[in-house]
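Here's the structure we're looking at; comments come further down.
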Amino acid sequence: MNRSKLLLLLIIAVIVGIFLGFDGHKLLTLENLQSHQSAIGQWIDQNLVLAVTGYAVIYVVVTALSLPGATIMTLAGGAFFGNLYGLAAVSIASTVGASLAFLVARFLMRDTLRKRYAETVAKMDRGIEKDGAFYLATLRLVPVFPFFLINLAMGLTAMKLRTYALVSWIAMLPGTFVYVNAGTQLGQIQSTGDILSANLLLSFALLGLFPLIAKFVVGFIRRRKVYAGWQKPDHFDYNLLVIGGGSAGLVSAYIAAAVKAKVALIEKHKMGGDCLNTGCVPSKALIRSAKAADTLRHANRYGLEAVPVKGSFKNIMNRVKDVIAKVEPHDSPERYRKLGVDCISGEASFVSPWELEVKHHDGRTERLTARSIIVATGGKPAVPPIPGLNDMQPLTSDNLWELEEQPQRLLVLGGGPIGSELAHAFARLGCQVTQVEKGERLLAKEDADVSELVLKQFESDGIDVRLKHSAAEFRIEDGEKVAYCDYEGETIRIPFDQVLVAVGRAANTTGLNLERIGVDTLPNGTVPVEDDMSLRYPNVFACGDVAGPYQFTHAAAHQAWYAAVNGLFGQFKRFKVDYRVMPWVTFTSPEVARVGLSEAEAQEQGVAFEVTRYGLDDLDRAIAESEDHGFIKVLTPPGKDKILGAVVVGAHAGEILAEFTLAMKHGLGLNKILGTIHPYPTWNESAKYAAGEWKRAHAPEGILRLLEKLHGWRRGGKNTKALRSTYAPD
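Counting in the numbering used here, the sequence shown runs without a single skipped number right up to 1161 at its last residue.
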């Protein structure tokens, strides 16, 4: 921190110290002002200009430094100066004070937060640039958030000072008038009978109704503003139209049909989306075959004779297709039509916030209208623009399942969950796998100890993991495919037969004609959604991979509930999406399962925590199955059993994690897990043992020492004297 910032902080600290030292927070109370009302009023009558000026200066300081007492001072403005002078003094002083707080926050914190939370700040800036003035006005008009928080938060954005000051002044005027007017009535209380006067009751009524009235007005203006230029249909074909038949779209349509709404689901390719056809289902089928191969190869672990693994890769891929075929009826058009969903095969694009144009595969087009529309078009693998990569005909999680011949040398780009899962599976199936990751470790979103354990297992299974390698170019040299990677200033040559790209995913928005309704995608390709999953318009929603921020099937289904319910009943009640307890699993071996905060995230967010670890090498079931490696790590507040986060690394980690997820969702601590009977011998006993480790570390040592002496006294002997001295009176 530079000298200018330190000096400003010192000045602020001195002023706050003086304010608290002279009991300023006790002076700015309604009782104190009323008790000195007569004396203050007489002095003001004799020194009106000085009094108004001094009052305004104090108000500026209180507001600028976010000191307690701004509400009382506003009421005092009306009580001592009346509506005219009070309103003028408060409106000007509050605007100046808010602007100073805005500048202080920008000067002290914006640069630091931009570096630390670049993505969040950038998101705020985009919103402010697009609709900042209106957004600020709504915050000022509807006092849900304390004004001092608005001052500080807006200072962190890119909003211009003049815009902030002007909008704040105008938007705060109605509320300022209500409070000042209430103050004028408070100043007129002379007896208990005055409390029931009509003017005073009206002022308090305005004070209570203002937030509700303002909220209604703001909502009305927002709707008029966003729908300006659009003609709403007189009637609708459907209550809900859903674009996309993946996890998010299927859940949305299911919910709508369950509550007897008329709903249509539009899918241009295959029902079930990525999860069924190219993602979760086929990858887990492949991983299971790979695990079977690993078991045969290492059968000596179980007292059997290890055998060389022989099998047809084509048969393995046929099994994957058979698994997809067995699951497919769960997501089929036939099933959803029986549920009451109109399933339409075609490509949809926006015509208006209520209307879609659907291009059918037979060439027909039709237009459909609905009260609400949900975009659930999912995502696709991202292929980076590396020179020569497209010439390699790269594999992705989309086209991988078309392979019939096993690649001997497989190059995997990416060390995230998808890349790691597939790299491990192909290695166990007998491929020579090289995994390239430009970061310093695999599974970068997990803690370092988690990444280290997975890396050791990968290396043990023969995967050539190249960390801090960045693919720079692909070539064909003498008929051989070659990748050139940058590594600490050197160029590394890696020959391969097939390359699998797993460096992330991009949202599917092509062809939706979102620009028609004024929706721009974010830099990462997703669409910007509000907390209720709405997409600019209160009746247009998005959920799943196209909305982010999570790329999980269960996250898509979770979001879909909010999108569907708000789409159908949002005019009466809206629900904000809850991400507080979001679990996920990476299906490598060992599995990596996590919910809540990691150590790195807790440190980054400044959350105080302590760590409890339990090694799975101590678990009887793990030992019996020769899977006794891995650990459980639980984060809790210091001295408390509340679960802030948990990670399980080992066999069956995804199943073990469910207990911690349930506990976090319903506010249950480790003591509750410890007090629950777990059948023996099971993998889930490990959750109880982890809770036991926490309990052991927090045993009440003082009480235990006294109990030790008590038991000794009850046995008789040398501890009797010690116990008597412990309880003897002074």
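We put the CB at the ideal spot given by N, CA and C, even for glycine.
key: Counted within 10 angstroms of its Cβ, other Cβ atoms place Q824 as buried (16 or more) or exposed   = The residue given as residue 824 occupies position 393 in the sequence shown. The residue in question, Q824, is exposed, as its Cβ has fewer than 16 Cβ neighbours within 10 Å.
request  = State the start and end residues of the unbroken alpha helix (DSSP H) segment that holds W1125.
outcome  = Taking the sequence shown and counting its residues from 1, the one referred to as residue 1125 is at position 694. In the DSSP assignment, W1125 falls within the unbroken alpha helix (DSSP H) covering E1116 to A1128.
ask   = Is the number of C-beta pairs between the segment 1018-1037 and the segment 1059-1067 that are closer than 8 Å three or more?
value = yes
query = With distances taken from CA atoms, which of A902, V971, S743 and T952 is nearest G1001?
reply = Stepping through the sequence shown from its first residue, residue 1001 is reached at position 570. Closest by alpha carbon: V971.
Contact under 8 Å by Cβ, A695 with C974 = Translated into the one-based positions of the sequence shown, residue 695 becomes position 264. Translated into the one-based positions of the sequence shown, residue 974 becomes position 543. Against a cut-off of 8 Å, the Cβ pair of C974 and A695 comes out as no contact.
ask   = Do three or more CB pairs link the segment 975-990 to the segment 1047-1057 at distances below 8 Å?
value = no
task = Check whether the segment 811-827 touches the segment 931-946, taking contact to mean three or more Cβ pairs, one atom from each stretch, closer than 8 Å.
result = Output reads yes: the segment 931-946 touches the segment 811-827.
ask   = In this structure, what does DSSP give as the bridge partners for K1064?
value = By one-based count along the sequence shown, residue 1064 stands at place 633. According to DSSP, K1064 bridges with R1044 and V1078.
query = If you run the structure through DSSP and keep just helix, strand and coil, what is S783?
reply = Numbered from 1 along the sequence shown, position 352 holds the residue referred to as residue 783. Residue state, collapsed to three classes: strand.
ask   = Are the beta-carbon atoms of G677 and A807 separated by less than 8 Å?
value = As a working note, residue 677 is residue 246 in the sequence shown. As a working note, residue 807 is residue 376 in the sequence shown. The answer is yes: Cβ separation under 8 Å.
key: 7 Å Cβ shell around I475 - same chain, five flanking residues per side excluded   = Taking the sequence shown and counting its residues from 1, one reaches residue 475 at position 44. Excluding positions up to five away in sequence, the list reads A482 and F511.
Per DSSP, cross-strand counterpart(s) of L672 = Here residue 672 refers to the residue found at position 241 when the sequence shown is read from its first residue. Paired residues: A695 and I804.
inquiry  = Quick check: what's the CA-CA separation for I674 versus A724?
reply    = The residue you call residue 674 lines up with position 243 of the sequence shown. The residue you call residue 724 lines up with position 293 of the sequence shown. Answer to the nearest angstrom: the Cα atoms are 40 Å apart.
ask   = What is the DSSP secondary structure of H791, reduced to helix, strand or coil?
value = Here residue 791 is taken as the residue at index 360 of the sequence shown, counted from 1. In this structure, H791 counts as strand in the three-state DSSP scheme.
task = Starting from E904, follow the beta strand (DSSP E) in both directions and report where the run begins and ends.
result = By 1-based counting over the sequence shown, the position of residue 904 is 473. Where E904 is concerned, the enclosing beta strand (DSSP E) stretches over S901 to E908.
query = What did DSSP end up calling L402 once you bin it into helix, strand or coil?
reply = As displayed, the chain neither begins before 432 nor continues past 1161, which places residue 402 out of reach and without an answer.
key: Rounded distance between the beta-carbons of V493 and G528, thought under 8 Å   = Sequence index remark: in the sequence shown, residue 528 carries index 97 (1-based). Sequence index remark: in the sequence shown, residue 493 carries index 62 (1-based). With 8 Å as the limit, G528 and V493 qualify as a contact, their Cβ atoms being about 7 Å apart.
ask   = Given that a residue counts as buried once 16 or more other Cβ atoms are within 10 Å of its Cβ, and exposed if not, what is L437?
value = The count along the sequence shown starts at 1 and reaches residue 437 at position 6. Per the 10 Å Cβ criterion, exposed.
task = Go through its chain and collect everything with a Cβ distance to D829's Cβ below 7 Å, but skip five positions before and after it.
result = The count along the sequence shown starts at 1 and reaches residue 829 at position 398. For D829, where only same-chain residues beyond five positions count, the Cβ hits under 7 Å are T709, K811 and P812.
task = Please go through the same chain and pick out, in chain order, the residues whose beta-carbon is closer than 7 Å to the beta-carbon of L604, but skip the five residues on each side of it.
result = Translated into positions along the sequence shown, residue 604 becomes position 173. Closer than 7 Å at Cβ, skipping near neighbours: S522.
request  = Please name the residue or residues paired with L844 in a DSSP beta bridge.
outcome  = To locate residue 844, count along the sequence shown from 1; it is residue 413. Partner(s): V867 and V932.
ask   = Where L1099 and T1019 are concerned, what is the direct C-alpha to C-alpha distance, given to the nearest angstrom?
value = Translated into positions along the sequence shown, residue 1099 becomes position 668. Translated into positions along the sequence shown, residue 1019 becomes position 588. If you take the alpha carbons of L1099 and T1019, they lie about 29 Å apart.
query = DSSP three-state call for E961: helix, strand or coil?
reply = As a working note, residue 961 is residue 530 in the sequence shown. If DSSP states are grouped into helix, strand and coil, E961 belongs with coil.
query = What do you get for N939, buried or exposed, if any count of 16 or more other CB atoms within 10 angstroms of its CB means buried?
reply = Here residue 939 is taken as the residue at index 508 of the sequence shown, counted from 1. Under this definition N939 is a buried residue.
Anticipated Cβ contact below 8 Å, V843 with Q866, distance rounded = As a position in the sequence shown, residue 843 is number 412, starting the count at 1. As a position in the sequence shown, residue 866 is number 435, starting the count at 1. Yes, V843 and Q866 are in contact; Cβ-Cβ is about 5 Å, under 8 Å.
query = By DSSP, does R924 sit in helix, in strand, or in coil?
reply = Within the sequence shown, numbered from 1, the residue matching residue 924 stands at position 493. Looking at R924 - three-state DSSP - the assignment turns out to be strand.
inquiry  = Check for me: the beta strand (DSSP E) holding C916 runs from which residue to which?
reply    = Translated into the one-based positions of the sequence shown, residue 916 becomes position 485. Where C916 is concerned, the enclosing beta strand (DSSP E) starts and stops at E911 to Y918.
query = Counting pairs of beta carbons, one from the segment 944-963 and one from the segment 877-894, are three or more of them closer than 8 Å?
reply = Cβ pair count under 8 Å is below three, so no.
message = Here's the rule: buried if 16 or more other CB atoms are within 10 angstroms of the residue's CB, otherwise exposed. What is S435?
response = For this step, residue 435 is matched to residue 4 along the sequence shown. S435 should be labelled exposed.
task = Give the straight-line distance between the Cα atoms of A914 and R859, rounded to the nearest whole angstrom.
result = Taking the sequence shown and counting its residues from 1, one reaches residue 914 at position 483. Taking the sequence shown and counting its residues from 1, one reaches residue 859 at position 428. In a straight line, the C-alpha of A914 is about 23 Å away from that of R859.
query = Who are the Cβ neighbours of G848 in its own chain at under 6 Å, not counting the five residues just before and after it?
reply = In the sequence shown, residue 848 corresponds to position 417, counting from 1. In the sequence under discussion, the amino acid at residue 848 is Pro, which differs from the Gly named in the question. The residues are T1017.
Residues near L627 by beta carbon distance below 8 Å, same chain, minus five either side = Stepping through the sequence shown from its first residue, residue 627 is reached at position 196. In this prediction, L627 scores a pLDDT of 42, lower than 50, which makes its location untrustworthy; no coordinate-derived value is stated.
inquiry  = Does N731 pass the burial test, meaning 16 or more other C-beta atoms within 10 Å, or should it be called exposed?
reply    = Your numbering for residue 731 matches position 300 in the sequence shown. Under this definition N731 is an exposed residue.
request  = Give the straight-line distance between the Cα atoms of Q621 and G949, rounded to the nearest whole angstrom.
outcome  = Position 190 of the sequence shown, counting from 1, holds the residue named residue 621. Position 518 of the sequence shown, counting from 1, holds the residue named residue 949. Note that Q621 scores 46 on pLDDT, short of 50, meaning its location in the model is unreliable and no value can be drawn from it.
task = Measure the CB-CB distance between A801 and L717 and report whether it falls below 8 Å.
result = The residue you call residue 801 lines up with position 370 of the sequence shown. The residue you call residue 717 lines up with position 286 of the sequence shown. Cβ distance not < 8 Å, so A801 and L717 don't count as in contact.
ask   = Looking at V740 and G861, is the spacing between their C-beta atoms short of 8 Å?
value = On the sequence shown, position 430 is the one that residue 861 refers to. On the sequence shown, position 309 is the one that residue 740 refers to. Yes, Cβ-Cβ distance for G861 and V740 is below 8 Å.
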